Structure formats: structure tokens, C-alpha cells
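Numbering (numbering that gives the first Met the number 0), first residue to last: 0 to 142. Yeah, the Cβ is synthetic: ideal placement off N, Cα and C, and Gly gets one too. Everything numeric in this text was worked out from a predicted model, so none of it was measured. These notes concern the structure reproduced below.
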Amino acid sequence: MLATTGAVVVASLLHDYGHLQHDEGEDVASHGVDMRHEDLGVIKLKTFFGPEILEPIRLHVGAKRYLCHKSKTYIDGLSSASRLSLEIQGGAMSDREGAEFESNLYYKSAVELRRFDDMGKVSGMKTPTLESFYSLVLSFVVK
């Protein structure tokens with residue numbers, strides 16, 4: 000695992016912001032619809048943050064597809080909801096898509112964000128309060 004940067008932590012906190020930007024409900028994937036929440040989030044956050052935050056957010060869906068391409072056991076660990084959304088989002092990457100993903104400057108940060116996203120789905124996990132990240136998030140706001 001990479002040494003986590005503050006930017007990855009902030010991107011991890013904000014990566015699903017796009018889900019709050021549509022009125023389709025939480026079960027939209029069960030209806031076979033990909034709302035492209037990663038793009039919606041970036042569109043809304045781009046006036047506040049730079050690429051070190053925005054690019055891992057934009058790439059986090061791709062990171063799931065990439066990890067599924069790299070490790071068949073990764074797919075086995077996905078929740079049923081994540082498996083459903085994976086299929087809607089294009090399934091595991093091909094070799095060509097994986098190589099293209101690895102060429103992005105922010106792909107490692109996006110993979111790390113995805114790993115945090117997976118860890119955050121552990122029921123009952125103790126986490127710091129959202130307020131405890133306030134100063135860190137503010138330190139990345141574009142002035």
C-alpha cells in the first residue's frame with residue numbers, strides 16, 4: 000500500500016459526492032442505470048479543489064474496474080451492490096484499458112481511494128468524526 004497523502008484522504012471523503020447530485024435514489028444501479036456519479040461529483044467540486052483531489056475521485060470507478068482486472072479475488076470480495084454497479088460501469092477492464100489506466104498520473108491515488116472505500120464498508124468500524132477532517136479538507140481548497 001502507498002503512503003497515504005492528505006489529498007487521498009480528502010478525495011476519499013468526497014469521492015461519492017456525486018451521488019448527492021442526482022434525484023434518482025440510492026438504488027439506481029438496481030434499475031440498470033449508471034448515473035456517472037464520479038463525473039457529477041467532479042463537476043460540482045471543481046471550483047473548490049485541484050486535480051490532486053478531483054482526479055482520484057474521477058477515477059475511482061475505474062479503479063474498481065482496474066482492481067477486478069488485476070485480481071480475480073478482488074471481485075469475490077465485492078458486495079452484491081458493488082458487483083451490480085461493476086457490470087453497469089463496464090465490468091473488469093481489458094488489458095488495454097488496464098494499461099491506459101496505469102498511464103494516468105493519478106491512478107495509484109485512485110486505487111488507494113478505492114481500497115479506503117472498500118474498508119469503509121465494514122459494518123461497525125470505528126472511524127474519526129467528519130469534523131476531525133475539517134482542517135485537512137480546508138487545506139486543499141483552491142484559493
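**Q.** Inter-stretch contact at 8 Å, needing at least 3 Cβ pairs: the segment 128-141 / the segment 80-88
**A.** no
Q. Under the three-state reduction of DSSP, which class applies to PHE139: helix, strand or coil?
A. Here residue 139 is taken as the residue at index 140 of the sequence shown, counted from 1. Note: PHE139 maps to coil in three-state DSSP.
Q | Residue closest to ASN103, alpha-carbon to alpha-carbon, out of ARG57, GLY76, HIS68 | A | Reading the sequence shown from its first residue, position 104 is the one you call residue 103. Selected option, being the one with the closest Cα: ARG57.
**Q.** Environment of LEU53 [buried if 16+ CB atoms lie within 10 Å]
**A.** Position 54 of the sequence shown, counting from 1, holds the residue named residue 53. It is buried - the Cβ of LEU53 has at least 16 other Cβ atoms within 10 Å.
Q) Does DSSP put PHE132 in a helix, a strand or coil? A) Start at 1 with the first residue of the sequence shown, and residue 132 comes out as number 133. If DSSP states are grouped into helix, strand and coil, PHE132 belongs with the helices.
(Q) Quick check for students: name the residue ranges of the alpha helix (DSSP H) that lie wholly in the segment 44-128, counting only runs of 4 or more. (A) 50-69, 71-75, 79-87, 94-101, 106-118, all fully within the segment 44-128.
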